[in-house]
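Taking this note's numbering, the leading residue of the sequence shown gets 39, the next gets one more, and so forth.
Ideal placement from N, C-alpha and C gives every residue a C-beta, glycine not left out.
Reviewing the structure listed below.
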Amino acid sequence: MISRICFRSGELCVTRPLVVRTYTTNDGFYPHNFEHAKCGKLLKSEFYHDKNKNEIPNNMGGDHEANYYTNCDSSVWMRSCEKEVIEPLQSTEITGNIPKWLKGTLLRNGPGNLKVGEYHFQHLFDSSALLHKFGIADGKVTYQRRFVETEVYKRNMAAQRIVFNEFGTSATPDPCHTIFRRVAAIFNPNQTLSDNSMISIYPFGDEYYTFTEAPVMHRIDPKNLETMGRINVSKYVNIVNHTSHPHVMTDGTVYNVGLSITPMGPRYNIVCFYPSRVIIDDSGEEKELSMFDQATIVGGVPSRWLLNPSYMHTFGITENFFIIVEQPLAISFARMTMNHFKQEPMINTFKWYEDENTLIHVISRETGQMVTTFVAETFFYLHIINQFETRDREYIVLDICCYRNPKMLEYMYINAMKNMHGDADYSRLFRARPLRFVLPMGKPSPNTSPKCNLITIKMVHQSLKVFRDVDGGSDCKTDYKINDNEDDVKYNDKAEYWRKEHRSVLQKKSSAHRLPDGRILVKPELLCDVGCETPRINTDSYLGREYRYFYAISCDMDLDNPGTLIKVDTLRKTKKMWSEKGVYPSEPIFVPDPNGKNEDDGVVVSSLVWTERETQVGLLILDAVTFTEIARATFDTPGPVPKCLHGWFSLDK
Ligand SMILES: [Fe+2]
């Protein structure tokens, strides 16, 4: 009997067959993924691994009778770009009217190619970074796309094999790479770590850089998407990784959080990149200091575990505080070392502590020191939506897209995505719920009962304009549980079950309680009854400030149309949605109308791909107030267009 993991229970199962499909092969099982924190045993994944070619066969094994999420087409993620578009391509068709004030550039980053020669990447996050550009001017739109010429891209292309270990794919063994060279390479990480920066793109001053969690960024020419250079941030400041989502402030200052290895252990440090400036050096000469030259650690907190720092994809910033959410998904240093010798993918280094709380650290922007730490129920997250201090400074409000656990990372293996229609659990794992935590900043009396809710405010939106608009809050007797158990609900009833459940849960409010040991436990409230991911806000004016709206993509595969864009009103807990059959929009980016007055005065831009027409790409423009389409440009391109991840819009001044 072969031991396998039951994805439903998460336990090692040696006696009964898996509920989900099995991938038995002559090569056996490929061991990786999360270590079971309870028993410390290594979990073995079911994902297929062909040692010879990394082939990705269609419909391996699986429950062929089941057919879930029939409206969901994951193939849009798995396309490989076969031809770049260097010269601007004019749109085939433009419908509607593009606002006259909307002139600028939408840059987007994401997975571009899952193949290297005859080899295939196995995880979506390993796909070679591909940039897309939509140029908008005078009512016309152009499109370009180009691969980021990372070191790993160039070396893969030259060798025609997978040279570096990626997030979920092992490097193809090099017959010339002896054990002695592996030992030597551990002292020179640049030789072995992938720099595939395919997650996001952000401006540093007037320069644009692509991001992943490795501290290596690639500078991109926004005109033609050419890769202009490579910056290793760890050469400027003591960090070994950083988040893929820095915060760009209105004055051009950029903040990010990186992991530093210090004599006292790992530490999450906030790095400030001040705008470039000219100084007079000791010899009296003018010298320009770049943003990287001025990279400075301005605050931070130590990791709670000496050998297992937390994985972090985003962080928060308010007027007076940084917020670091330390989730119990950790990077195991021991595994990292083992991985290096065993040539295993990065995902092996993750360790999920399912019985540990998620911690929310609040750090003073003035002193850089930790002010307080809140305790939350165990959850996994990638994206923080926004955060702000209430007007009376008594509370910090923190909105996050939360998951019950990080298993969705496993389910983004290409084989798992191809087989999702046979897996009743697939949708549940991806259903990120937008949750609001309210953090009370006052110190409660030691005599405070754990039953007492420390949140006494009726409404966190305290701006006078909003107060006039809305009635008082509902009662605060109950709270929302992240880990509700839906296992007893039959599959066919689950989508409706959650929507009914959410409708009542939406009425519930956040709470906070002083635990007997003095820590404060915060319990969230639900902001929207549809799963939301890749959230965006009116960043220019509302980053870190009291805000009302966010925009997101649906992550509910059991929706009638899984490719749905959502606008959420966090005040009223209502939503507007946009969708079109067979169309998959990207992360919706809000662009403020320069003459607008209200938070949502502007448009939302999103790139489109089609399930039926894989070589077509489009730019969608929605009125952000009504969330209805006002214009669209479509392009016929020379080859398949994969769906992208994150982007940045720059409005021409
Ligand atoms: Fe992200």
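As for any alpha helix (DSSP H) of minimum length 4 sitting wholly inside the segment 367-430, the runs are 371-380, ordered along the chain.
Annotation for SER238 indicates a beta carbon within 7 Å of some heavy atom of ligand 1.
Taking one beta carbon from each stretch, the segment 421-439 and the segment 558-575 have 3 or more pairs nearer than 8 Å; the two touch. Taken through DSSP and simplified to helix, strand or coil, MET329 comes out as coil.
When DSSP assignments are scanned along the segment 588-630, the uninterrupted stretches of beta strand (DSSP E) that are 3 or more residues long and fall wholly within it turn out to be 602-607, 612-617, 621-623 and 627-630. In the three-state reduction of the DSSP assignment, MET458 falls in the helix class, which pools H, G and I.
When DSSP states are grouped into helix, strand and coil, ALA197 belongs to the helix group. In the three-state reduction of the DSSP assignment, MET446 falls in the helix class. Spanning the alpha carbons of SER592 and GLU618 requires a straight line of approximately 13 Å. For SER282, the shortest separation between its Cβ and any heavy atom of ligand 1 lies below 7 Å. Shortest gap from the CB of HIS351 to any heavy atom of ligand 1: under 7 Å. In this structure ILE355 does not touch TYR306 by the C-beta definition: roughly 14 Å separates them, more than the 8 Å allowed.
Annotation for THR300: the continuous beta strand (DSSP E) segment containing it runs 292-300. When beta bridges are read from the DSSP output, ILE434 appears opposite GLU427 and LEU477.
When the five nearest sequence neighbours on each side are left out, the beta carbons in the same chain lying within less than 8 Å of the beta carbon of LEU344 are those of GLY303 and PRO304, in order along the chain. In this structure, DSSP gives THR356 a state outside helix and strand, which the three-state scheme calls coil. Annotated three-state conformation of ASN147 is strand, per DSSP.
A distance below 8 Å separates the beta carbons of ILE277 and VAL271. Secondary structure of GLU324 (DSSP, three-state): strand. About 7 Å separates the CB atoms of TYR274 and ASP331; that is less than 8 Å, so the two are in contact. A straight-line Cα-Cα distance of about 8 Å links ASN147 and THR248. With a threshold of 7 Å, the Cβ atom of HIS421 counts as near ligand 1, since some heavy atom of the ligand is closer than that.
Distances between the C-beta of HIS684 and the heavy atoms of ligand 1 include at least one below 7 Å. A contact between stretches requires three or more CB pairs, one per stretch, nearer than 8 Å, and the segment 189-207 fails this requirement with the segment 479-497. PRO313 has its alpha-carbon roughly 5 Å from the corresponding atom of MET329. Closest in alpha carbon position to GLY243, among PHE371, PHE311 and ASP674, is PHE311. In this structure, the alpha-carbon of ALA414 lies about 21 Å from that of LYS496.
Per the coordinates, the alpha-carbon of PRO680 lies some 20 Å from the alpha-carbon of ILE258. For ARG466, the secondary structure class from DSSP, reduced to helix, strand or coil, is helix. Judged by beta-carbon spacing, HIS280 lies beyond the 8 Å limit of VAL339, meaning their Cβ atoms are not closer than that value.
For LEU344, the secondary structure class from DSSP, reduced to helix, strand or coil, is coil.
For SER579, the enclosing alpha helix (DSSP H) has its first and last residue at 577-580. Residue burial annotation: LYS546 is buried, with at least 16 other C-beta atoms found within 10 angstroms of its C-beta. For PHE172, the closest alpha carbon among the candidates PRO676, ASN234 and ALA671 is that of ALA671.
Within the same chain, MET595 and PRO600 come within 6 Å of CYS110 by CB-CB distance, once the 5 residues on both sides are set aside.
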